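Under my numbering, think of the first position of the sequence shown as 27, with each following residue one higher.
For every residue, glycine included, the Cβ atom is placed at its ideal position computed from N, Cα and C.
None of the values given here were measured: they were computed from a predicted structure.
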Amino acid sequence: MKKIVWVLQSLLCLLAVCGSHAQNGSKKIMAPDWSYWSGADTVCGGVPENFHFKNTVAHTRIGWKADCGIVYGDTYGDDVTVVFGAKSCNGFFGLRIWREQLGNSTLVSDTVYKKIFNATLAYTLKGDSIAQCNTYGKYSIDYEEGDFYKWSVYPKDAGSIVSGNDTAVVTVFWNNTDEDRVVYLKMATGKCQLYKNDRFAIVLKGQKEPVVTAKTTCAILPDATFDFDDVSCGENAIRFYAKNQAEGNHYLWEFGDRTSSTHPSPTKMYPIYGDFYPKLTLTDRFGCVSKPAIKPLRINSMPSDGVLLSPEAVVAGESTELQFLSTANGLPPVKFEWMKGHEIVGTTTVPRFKISSAGRYWVRVFDRRGCSRKIMPPVSPLFLKR
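1. Are the beta-carbon atoms belonging to M213 and F226 less than 9 Å from one another?
2. Using a 10 Å radius around the Cβ and a threshold of 16 neighbouring Cβ atoms, would you call Y62 buried or exposed?
3. What does a CB cutoff of less than 6 Å around R399 pick up in its chain, not counting 5 residues either side in sequence?
4. E280 and T161 look like a contact to me (Cβ under 8 Å); what is the Cβ gap, rounded to whole Å?
5. Let me know the secondary structure DSSP gives A184 once reduced to three states.
6. So if DSSP puts C115 in a beta bridge, which residue, or which two residues, is it bridged to?
7. Y169 by DSSP, collapsed to three states: which one?
8. If I measure Cβ to Cβ from V405 and keep anything under 6 Å in the same chain, skipping five residues before and after, which residues do I get?
9. Tell me which residues share the same chain as E205 and place their Cβ nearer than 7 Å to its Cβ, disregarding the 5 neighbours each side in the sequence.
10. Considering G372, what are the terminal residues of the beta strand (DSSP E) in which it resides?
11. I'd like to check one pair, K222 with L147: are the Cβ atoms closer than 9 Å?
12. Would you say I401 and G332 are within 9 Å of each other, going by their C-beta atoms?
13. Looking only at its own chain, which residues have a Cβ that is under 7 Å from the Cβ of S286, when we skip the five neighbours before and after it?
14. By Cβ distance below 6 Å, which residues in the same chain neighbour Q271 in space, the five residues on each side in sequence not counted?
15. Under the three-state reduction of DSSP, which class applies to P404: helix, strand or coil?
16. DSSP three-state label for Y149, please.
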């Protein structure tokens, strides 16, 4: 009889229930390892965040609990959505996870804990505190997760923002000045419900002599050739860039849809599909104006939009099928990339995919030109016990 009990205990260890001490009873089960976890370490209160744990132990499931937050829907599984509160607990939030034997809720591992921090707007400006007039200066902040950025120069005649006004890195052209003066680079940024305005003092060095003292004879005109991103899919921003980016150049971009920009490397999103003929005219620091450079650009429509369908519930141990249903005009998709949480679980050429486990599923569809669209919202079919 003792030999039979010893054999049964050995079989339980082979089923991966051996590990750290359990919370209940004397049996053991392996605790989760945070190296298999993925998700944000810094979150916004009140904003849904997705977390994933790759469970490598058979016949078990992962349980989740949030400190100062709520786990939406099923609190068990590899993928969960958590909404933390507007205020953290003692300066931070927390996630607690454990491993539990399927079919035996009393056999659980130790709970492991991970700190999740609330978003802040602490940053440091990087860039020259002394700038020379008639030159470009690059400035940045080390905080790069803001919902929005807005830069400006004060007073307005001190210079202008030439690129990066909505990013964490900005390029400024400082105007000519006769005397040294103190000017300011102003910035507003925000994330979640946090907003911050600040300004940074910069000494702008003057130049008493004018930059150009006489009219220049333009024997050689500047080169205005340019290029843009290869993939031109609708609803995607396209980056344009001039190949000649010498100091002191002025750029005039005309995008072919009655809009324009003076940034050296602007980004543009076309509101409609079709053929356009963007044009660049370049003026160098001597006042010489290039011949306009024109390059054709075709903006392709996006793949058909649609919805992802699945049954609400499935009996555990059985499989079911996800299906993409087109609901709008557009090129029909030719490839479907099926995702479970953050992981690609399959690729098909038909709008159907078979699954046999619970989780948050979604699909990205591709047309024959390579343009893609993420289909939202995801689906999370329930797998019910028999």
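Working from what's here:
1. Locating residue 213 in the sequence shown gives position 187, counting from the first residue. Locating residue 226 in the sequence shown gives position 200, counting from the first residue. Cβ atoms of M213 and F226: closer than 9 Å.
2. As a first step, residue 62 must be located in the sequence shown, where it is residue number 36. The residue in question, Y62, is exposed, as its Cβ has fewer than 16 Cβ neighbours within 10 Å.
3. Residue numbering aside, residue 399 sits at position 373 when the sequence shown is read from its first letter. Answer for R399: M328, P329, V391, listed in chain order.
4. For the purposes of this step, residue 280 is taken as residue 254 along the sequence shown, with counting starting at 1. For the purposes of this step, residue 161 is taken as residue 135 along the sequence shown, with counting starting at 1. Incorrect: roughly 27 Å between the Cβ atoms, too far for contact.
5. The residue labelled residue 184 in the question sits at position 158 within the sequence shown. Note: A184 maps to helix in three-state DSSP.
6. Walking along the sequence shown from the start, residue 115 turns up at place 89. Note: C115 sits in a beta bridge opposite F118.
7. To locate residue 169, count along the sequence shown from 1; it is residue 143. Here Y169 sits in coil by DSSP.
8. Locating residue 405 in the sequence shown gives position 379, counting from the first residue. Only L334, S336, Y387 meet the Cβ criterion.
9. Here residue 205 corresponds to residue number 179 of the sequence shown, with the count starting at 1. Taken in chain order, the residues that qualify are G232.
10. By one-based count along the sequence shown, residue 372 stands at place 346. Looking at the DSSP string, the run of the beta strand (DSSP E) that includes G372 is 369-374.
11. The residue you call residue 147 lines up with position 121 of the sequence shown. The residue you call residue 222 lines up with position 196 of the sequence shown. Yes, they are a contact pair.
12. As a position in the sequence shown, residue 401 is number 375, starting the count at 1. As a position in the sequence shown, residue 332 is number 306, starting the count at 1. Closer than 9 Å, so yes.
13. Working through the sequence shown from its first residue, we reach residue 286 at position 260. Excluding positions up to five away in sequence, the list reads L278, W279, E280.
14. Position 245 of the sequence shown, counted from the start, is the residue given in the question as residue 271. Around Q271: P290.
15. Here the question's residue 404 lines up with position 378 in the sequence shown. Here P404 sits in strand by DSSP.
16. Position 123 of the sequence shown, counted from the start, is the residue given in the question as residue 149. Y149 falls in the coil class under three-state DSSP.
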